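Structure record follows, encoded as structure tokens.
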Amino acid sequence: MAEILLAVERLKKFFTQKRGFPNPETVTVRALDEISFTVNRGEAFGLVGESGCGKSTAGRCVLRLIEPDSGGVTYAGEDVLEAGKERLRLLRRKMQIVFQDPYASLNPRRMIGKALAEPMQVHGLGDSAEIDARVEALLAEVGLPPDARWRFPHEFSGGQRQRIGIARALTVSPELVVADEPVSALDVSIQSQILLLLRGLQDKHGLSYIFISHDLGVVRWFCQSIAVMYLGRIVETGPVPAIFDDPLHPYTRMLRESSPVPDPEVRVAPARIAGEVPSAVNPPAGCHFHTRCPHVMDKCRQAYPEWRMVGQGRGVACHLHGA
Ligand code: SF4
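Counting from 1, position 226 in the sequence shown corresponds to residue 314 in this note's numbering; the numbering is continuous, with no gaps.
Okay, here's the thing in structure tokens:
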């Protein structure tokens, strides 16, 4: 039986924003609307959906980089949302994040060696000789030359910067890494190198990932199980083979069909997903997907479908799979 490392329970986060000109109105963005999922130790769990579905907010709320409004996050049995400052500092050693744009998270005036040493100094992980040796080992582990430590962020390519971002996450030996669109800003050839690096680190260190992506093809290759998000809610979840062989939710099906097939012999252009994502300020009543769904029924416009478990680790929220 797999060990649950992270459990997220009915996590909710709404933002208020001022919108409009010249008379701005205060609006509420329903970024996360009571999502629940679990991540097993050693697995890569994918959070997938179109831009604005709330997946990055979910990753940040798990780490409390954004404070959620309500819900629960339990890490290895410990309540993350109740943790005080010191406890949270210790929990952050166990849970780290890799950003889409590591350049934005690196101080442009700080040499890479110093940027990698800093988290270890903050957490008191060794004396200066030990930290020095660890910086050298980390650079080698992520495929960067030893002299990278004396260089500044602007001296690196996008792929190299992502390697630095990964090395920085690894400095404190985490167990869980939230990888937020870690390859989507990179060229395809570089993407595969970074994915292979992340996979190698997973095998070597027994890492677990929350892998956030809009690219179902990448998630299919990288993850063992996934949750599909739409407008702040999870609409389907399950093991990757089952979800790809037999997607139950029409949105998952559309995402799958719009994802390129990684086979040079297959020349069929991927289908586009019909319509635009509605605003998270004012999501459609009933099933939020009903404005784009080819199977819409009357009840879809009236009531949000209940969440149903439909088999081994599989769940779906769709009236097609109701009682
Ligand atoms: Fe489509 Fe209705 Fe299912 Fe929503 S509940 S996905 S509108 S069939």
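In this text, a Cβ means the ideal position worked out from N, Cα and C, and glycines have one as well.
On a predicted model such as this, the values are computed, not experimentally measured, just so you know.
- Within the stretch 110-165, the complete beta strand (DSSP E) segments at least 3 residues long are 113-128, 132-136, 158-163, listed from N- to C-terminus.
- Relative to the non-hydrogen atoms of the ligand SF4, the Cβ of MET317 never comes closer than 7 Å to any of them.
- By the 16-neighbour rule on beta-carbons within 10 angstroms, GLU174 is exposed.
- When C-beta atoms of the stretch 143-156 are compared with those of the stretch 295-305, three or more pairs fall below 8 Å, so the two segments count as touching.
- Distances taken from the Cβ of PRO393 to the heavy atoms of the ligand SF4 include one shorter than 7 Å.
- At the C-beta level, VAL307 and LEU283 stay beyond 8 Å of one another.
- When distances are taken from the beta-carbon of LEU336 to the heavy atoms of the ligand SF4, even the shortest one reaches 7 Å or more.
- By alpha-carbon distance to PHE377, the top candidate from GLY320, PHE332, ALA330, ASP333 is GLY320.
- DSSP places GLY399 in the strand class (E or B) of the three-state scheme.
- Residue pairing by DSSP places GLU394 opposite no residue, since no beta bridge is assigned to it.
- About 7 Å separates the Cβ atoms of LEU94 and THR126, confirming a contact at the 8 Å cut-off.
- In this structure, the alpha-carbon of GLU263 lies about 48 Å from that of PRO110.
- In this structure, VAL404 is the residue among TYR163, SER261, LYS202, VAL404 with its C-alpha nearest to the C-alpha of GLY326.
- The C-alpha of VAL384 is placed about 35 Å away from the C-alpha of GLU155.
- Rounded to whole angstroms, the Cβ separation of GLN105 and VAL96 is 24 Å, and the two are not in contact under 8 Å.
- Within a 10 Å sphere around the beta-carbon of ALA205 sit 16 or more other beta-carbons, which makes this residue buried.
- In the DSSP assignment, MET342 falls within the alpha helix (DSSP H) that extends over 338-345.
- Under DSSP, LYS101 shares a beta bridge with LEU120.
- Across the structure, ILE92 and GLY108 are spaced so that their CA atoms are roughly 44 Å apart.
- Straight-line spacing of the CA atoms in ALA257 and GLY165 works out to 22 Å.
- Beta bridge pairing from DSSP links ARG107 with GLU113.
- The beta carbons of PRO270 and GLN188 sit closer together than 8 Å.
- Between ARG287 and PHE310, the alpha-carbon positions lie close to 7 Å from each other.
- In this structure, the ligand SF4 has no non-hydrogen atom nearer than 7 Å to the beta-carbon of MET342.
- Taking C-alpha positions only, PHE244 is separated from HIS211 by approximately 27 Å.
- In the three-state reduction of the DSSP assignment, PHE310 falls in the helix class, which pools H, G and I.
- In the same chain as ASP121, and ignoring 5 residues on each side of it, the C-beta atoms closer than 7 Å to its own belong to LYS100, GLY320, ARG321, in chain order.
- Comparing alpha carbon positions, the residue from GLY363, PHE103, GLY253 closest to ALA119 is PHE103.
- The residue among ASP220, ASP333, ARG237, SER277 with its C-alpha nearest the C-alpha of GLY246 is SER277.
- Under the 10 Å beta carbon count, LEU178 is surrounded by fewer than 16 other beta carbons and is classified as exposed.
- Remark: the shortest separation between the CB of TYR339 and any heavy atom of the ligand SF4 falls under 7 Å.
- Rounded to whole angstroms, the Cβ separation of ALA368 and GLY172 is 32 Å, and the two are not in contact under 8 Å.
- With a cut-off of 7 Å, the C-beta of VAL384 is classified as near the ligand SF4, since at least one heavy atom of the ligand falls inside that distance.
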